[in-house]
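Notes to accompany the following structure.
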Amino acid sequence: MPDEGTGEESRANASVEHVFREERGRLLAALVRRFGDLDLAEDVTSEAIEAALARWPIDGVPERPGAWLLTTARRRAVDRLRRDQAYAARLAILQAEAEREGEAAPAEDGGLPDERLALFFTCAHPALAAEDRGALTLRCLAGLTTPEVARAFLTPTATMAQRIVRAKKKISRARIPFRVPASDELPARLPGVLQVLYSLFTEGYVASSGPHLQRADLAEEAIRLARILHRLLPGERETAGLLALMLLVHARRAARTGPDGALVLLADQDRALWDRPMIDEGAALTVQALTGGPPGPYGVQAAIAALHDEAADADATDWSQIVALYDVLLAVTPSPVIALNRAVAVAMRDGPQAGLDLLDALADDPRLRRHHPFFVARAELLTRLDRVPEAVTAYRQALDLAGTAPDRAHLLRKIDALTRPGPP
Amino acid sequence: MKYLLLIHAGAADESGAAEGCTPDDWMAYDKQVRDAGILVAGESLADLVTATMVRVGPDGERTVTDGPFAETRELIGGFYVIDVPDLDVALEWAARCPGSRGGGAIVVRPIADFGA
């Protein structure tokens, strides 16, 4: 990084930062589209940004920075291809294409056609290993560096670098196409892209391991990408639903942890700390997600989150509506975790025994046996029924499975409160 | 770009045919691949009991054995080599192949291109 220099210089640097964040994905997508090579596109994108860092403080920031970067990057790519004899044939084809297209029809803003949608689908292609899709999306679309991606997934940088290389190699050698699926393929392919973004978000929201309960930066990155996707596919209701769900959950971030970093359950959260504008935005998107056809799973989950967010406190929550929404959700995507959440909602509506009966009916499902929230829910209901020894056992089972330090601390406090001698 | 579709047949029934597809299905698929003009090569392999394995050790000694015998699911029944623009198109053809049904699977492998 250059030193803080004159006002003009730092303004230029801030400008480059901004362009880097906002335009990097578009730039990369446009170059991948043109040259069909992710590695080459990444290299020249970085070179163009370096060139901007060198030129803009002297020449001033160009009027259309995105177009400036694209032109610079494209020239560098052509230079490289020219030097590389093996690419000579490809270069001839590219030049012929470029002449036919003219100088690519500029989009209304900034002159860059937005080809990020194709990149979303490429990064989330089902032919790539599931664990690589999120990493590649962060790398290519969010513009994170490999060490940043590694940190996001709590993976050593060398391991992450290998995974990204492997994924890029598969894209180029197996020729996974850079393209937006046709409208008849979209229903099959879009859920994969949404899944990648939702996994990034949940990894940020409830880190699966490590010292911190939430990593807001990763959740925010997922929201930023979901906003882009929603802008690119405004008519897809599940995209709106996913963005709504993320906003409605993320709105509670400040209330989710206490001053010591410990977990605060939804019922105990200080709702004054919730982000109201974010809730309003999420609620509006939920309406959009549920209007005009049968609801999808993200839309329904967003509706459930909205009901929680709109209640003044836990008791004022519309539990009947929430149970009804879980019924809808179970019909759309049957899953034991959804059945578990529904059981908790039933307990809030009809009392702890009703909820416990439902949980006991789920106890044999192998998918819940390693799922610590199942044992937490069981323990809470047993506590409310004054079945203390059983509740302690359930908390201990949860403790064996819990991943993060705050989770574990929360459970230990619960066990301690139940086993402490003396009047409750 | 050329892709190999390696057909891993599903569990065979008593008559030796894989579940979920008939000889007619195979003939229809074969015709589709030919008509589409993408066929480079394709063969159906004879019964696995006819397979023989050859190995040459570091001393140059040749070992010939009967086999290999595999569990039915891992049995390679045949292959196609097709020439299509990209992986999505190759996957589309693989999914249409009768061998992908009834517990079978198609492994799609791009063919290495050592030319320019």
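Going down the list, the protein sequences come from chains A and B. Numbering-wise, the first sequence is residues 1138 to 1561 according to our numbering. Numbering-wise, the second sequence is residues 958 to 1073 according to our numbering. All C-beta atoms, glycine included, are put in the ideal place defined by N, C-alpha and C. What you are looking at is a predicted structure, and each value in this text was computed from that prediction instead of being measured.
Requested in this report: Kindly indicate if chain A contains any beta-carbon less than 7 Å away from that of residue 1044 (chain B).
Outcome: yes
**Report entry** Reference residue 1431 (chain A); option with closest CA among A:1471, A:1375, A:1339, A:1189
**Finding:** A:1375
**Report entry** Amino acids of chain B, ordered along the chain, whose beta-carbon sits closer than 9 Å to that of residue 1264 (chain A)
**Finding:** 1044, 1045, 1048, 1065
Requested in this report: Can you tell me which of the three DSSP states residue 1067 (chain B) falls into?
Outcome: strand
Query - Under 7 Å by beta carbon: chain B residues contacting residue 1489 (chain A) - result: Simply none; closest approach about 45 Å.
Report task. Would you mind stating whether residue 1525 (chain A) and residue 1549 (chain A) have Cβ atoms separated by less than 7 Å? Result -> no
Query raised in the report: Fully enclosed by the segment 998 to 1054 of chain B, which alpha helix (DSSP H) runs are 4 residues long or longer?
Result: 1044 to 1053
Report task. Check each residue of the segment 1307 to 1336 of chain A: if its Cβ is closer than 7 Å to any Cβ of chain B, include it; give the result in chain order. Result -> 1310, 1311, 1312, 1313, 1314
Query raised in the report: Is the shortest distance between the beta-carbon of residue 1141 (chain A) and the beta-carbons of chain B less than 7 Å?
Result: In this prediction, residue 1141 (chain A) scores a pLDDT of 44, lower than 50, which makes its location untrustworthy; no coordinate-derived value is stated.
**Report entry** Residues of its chain near residue 1009 (chain B), where Cβ-Cβ distance is below 8 Å and the 5 sequence neighbours each way are ignored
**Finding:** 1021, 1022, 1023, 1024
Requested in this report: Starting from the Cα of residue 1481 (chain A), find the closest Cα among A:1495, A:1472, A:1469, A:1468 and give me that residue.
Outcome: A:1495
**Report entry** Span separating the alpha-carbon of residue 989 (chain B) from that of residue 1329 (chain A)
**Finding:** 30 Å
Query raised in the report: Does the Cβ-Cβ distance between residue 1387 (chain A) and residue 1420 (chain A) come in under 7 Å?
Result: no
Query - Segment limits, alpha helix (DSSP H) that includes residue 962 (chain B) - result: First-last for residue 962 (chain B): 959 to 965, but that is the beta strand (DSSP E), not the alpha helix (DSSP H).
Query raised in the report: Nearest-angstrom Cα distance between residue 1511 (chain A) and residue 1505 (chain A)?
Result: 7 Å
Query raised in the report: In chain order, what residues of the same chain lie with their CB nearer than 8 Å to the CB of residue 1416 (chain A), ignoring the 5 residues before and after it?
Result: 1384, 1385, 1388, 1443, 1446, 1447
Report task. Report the residues of the segment 977 to 1011 of chain B with a CB closer than 8 Å to any CB of chain A, ordered along the chain. Result -> none
Query raised in the report: Roughly how many whole angstroms lie between the Cα atoms of residue 958 (chain B) and residue 1434 (chain A)?
Result: 38 Å
Query - Beta-carbon separation (whole angstroms), residue 1051 (chain B) vs residue 1038 (chain B), contact threshold 8 Å - result: In fact, because the Cβ distance is near 12 Å, the residues do not count as touching under 8 Å.
Query - Cβ-based burial, residue 1155 (chain A) [other Cβ within 10 Å; buried from 16] - result: exposed
Query raised in the report: Are there three or more Cβ pairs, one per stretch, closer than 8 Å when the segment 990 to 1009 of chain B is compared with the segment 1529 to 1539 of chain A?
Result: no
Query raised in the report: In terms of residue numbering, what span does the alpha helix (DSSP H) encompassing residue 1479 (chain A) cover?
Result: 1473 to 1487
Query raised in the report: Going along the chain, which residues of its own chain have a beta-carbon closer than 6 Å to the beta-carbon of residue 1479 (chain A), five neighbours each way excluded?
Result: 1463
**Report entry** CB of residue 1280 (chain A) within 7 Å of CB of residue 1336 (chain A), strictly
**Finding:** no
Query raised in the report: Hey, is residue 1392 (chain A) close to the ligand SAH, as in C-beta under 6 Å from one of its heavy atoms?
Result: This structure simply doesn't include the ligand SAH, nor any ligand for that matter.
Query - CA-to-CA distance, residue 1484 (chain A) to residue 1451 (chain A), given in whole angstroms - result: 13 Å
Query - Identified DSSP bridge partners for residue 996 (chain B) - result: B:1039
**Report entry** Where the alpha helix (DSSP H) through residue 1057 (chain B) begins and ends
**Finding:** Here residue 1057 (chain B) belongs to no alpha helix (DSSP H), and DSSP marks it neither H nor E.
**Report entry** Residues near residue 1136 (chain A) in its chain [Cβ-Cβ closer than 6 Å; skip 5 each side]
**Finding:** With chain A covering 1138 to 1561 only, the question about residue 1136 (chain A) has no answer from this structure.
**Report entry** Residues that residue 1394 (chain A) bridges to, as DSSP identifies them
**Finding:** A:1400
Requested in this report: Put residue 1290 (chain A) into one of helix, strand or coil per three-state DSSP.
Outcome: coil
Report task. With a floor of 4 residues, list each alpha helix (DSSP H) that falls wholly inside the segment 1190 to 1224 of chain A, ordered by position along the chain. Result -> 1202 to 1220
Query - Length of the line joining the Cα atoms of residue 1424 (chain A) and residue 1439 (chain A) - result: 9 Å
Query raised in the report: When DSSP labels each residue in this structure, what does residue 1543 (chain A) get in the three-state scheme?
Result: helix
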